[in-house]
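Here the structure comes first, spelled out in structure tokens, and everything after it is commentary.
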Amino acid sequence: MGEKCEVAEQVRLLLKDDEEARIFLGSHGFVEALMGFLELAVRERNMMAQEIAAMALFNLAVNNDRNKEMMLAAGMVQLLEDMISNTKSNGSATALYLNLSCLEQAKSIIGSSKGVPFLVGILQGEADSLCRLDALHALYNLASQPSNISNLLSAGIISGLQSLLALSGDHTWIEKCIAVLIYLASSKPGREEIVSAPCLISTLAATLDAGEPIEQEQAASCLLILCNGSEKCSEMVLQEGVIPALVSISVNGTTRGREKAQKLLMLFREQRQRDQPPPDITLQRAESSSKVMPAPESNPLCKSTSRRKMGKAFSFFWKSKSYSVSQF
């Protein structure tokens, strides 16, 4: 085993930055040879050999779809399942999952495998930052396949994303986490789980206010998907006081961010107009009230906090002299 480890390590180093070597070795049986070595290492529970073999396979597959396809056809996903079941070589296994998930035909295979709960577990576990980032990117690739969304939700991906977003001040995760949420929000179960997740809407709203421009763009895109057709979600978002941030993004954000912010503002305006009673009914009610009871001498004190907050937000939006309503 020692000699094989030395040879595999030499192959790994050779493949690291040499695209021609990947093509040559891939076409001369090295996919099968390295997979055979990894299988032996898994069977013997030799962690060092597993790391070397897995990273040699990773380098062999970098920017080479033909080698990825050969690995997939040779049973790489099943071999990875055996690997994650018997050892703690999380970093190299995650890197291989990431590499394979870039291949379109691999997404559904990985998405229906034990790889999904493994990758979600990495997000919430004690793995180092690089390993978690690899897992997040792999999950992003898998989430782009609609058929995988159910398995991702069942594996607890929403909680995993929340744990990364909770890393206060770390922008490494925010953009990609929200990008995954956008994919998940394309399904009804995904939207329902996102809306019901504790503090997730608040986190997205906070990103509108304090995020980087690309993060604001992603947050606006996600909230637009969630709020479209859901007055409940719209109310939750409005209660976070997002109108000033959206107005700012609609003027100063990225091109796509401006577009999404304007659409959100328009959506909120249309929903507010639908909620208001017709003017004649309002007038009739006012006249009837004036006949039955005298005008109050002071403003009522029981106005709810949420209504005050929404009122202030909307007064900012509707009465602003800087922006025409037709802009939105």
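The sequence shown begins at 1 in the UniProt record's numbering and counts up by one.
Where a beta carbon is used, it is the ideal one built from N, C-alpha and C, also for glycine.
A straight line joining the alpha-carbon of N67 with that of E259 spans about 41 Å. F24 counts as exposed, since fewer than 16 other beta carbons sit within 10 angstroms of its beta carbon. Cβ contact annotation for K114 (same chain, cutoff 8 Å, sequence separation greater than five): E81, I84, S85, in chain order.
Out of R43, L153, S101, N148, the CA that lies nearest to the CA of A138 is found in S101. If you look at E175, you'll find it in the alpha helix (DSSP H) that goes 171 to 184. Between L226 and I201, the CB-CB gap stays under 9 Å. With contacts defined by Cβ atoms closer than 9 Å, A41 and R12 do not form a contacting pair.
With a 10 Å radius around the Cβ and a threshold of 16 neighbouring Cβ atoms, C199 comes out exposed. Across the set L208, Q105, K232, A73, the C-alpha of Q105 shows the shortest separation from the C-alpha of N148. Ranked by Cα distance from R191, the first of K176, A261, P213, L153 is L153. Ranking Q218, H28, M48, I158 by CA distance to the CA of P117 puts I158 first. Going by C-alpha positions, W173 is about 6 Å away from L164. Note on geometry: alpha-carbon atoms of T87 and M71 lie some 21 Å from one another.
Between the alpha carbons of A74 and E126 lies a distance of about 31 Å.
In the three-state DSSP reduction, K88 falls in the coil class, being neither helix nor strand. DSSP places E104 in the helix class (H, G or I) of the three-state scheme. Note that the C-beta distance between I122 and E175 is not below 9 Å. Looking at the backbone, the Cα of V62 and that of L34 are separated by about 15 Å. Of the candidates V237, D170, Q216, A220, the residue whose Cα lies closest to the Cα of S196 is V237. Of S108, D18, S221, I178, the smallest CA-CA separation from R256 is found for S221. Scanning its chain for C-beta atoms nearer than 7 Å, with the 5 sequence neighbours on each side dropped, one finds around A179 the residues Y140, Q218, in chain order. Shown here, G211 sits in coil according to DSSP, grouped into three states, outside any helix or strand.
Note on geometry: alpha-carbon atoms of Q124 and L161 lie some 8 Å from one another. Following the DSSP letters along the chain, one finds S248 inside the alpha helix (DSSP H) bounded by residues 243 to 252. By the 16-neighbour rule on beta-carbons within 10 angstroms, K107 is buried.
Each residue's CA atom was taken as its position, placing P189 and L96 some 29 Å apart. Collapsing the DSSP output to three states places M1 in coil.
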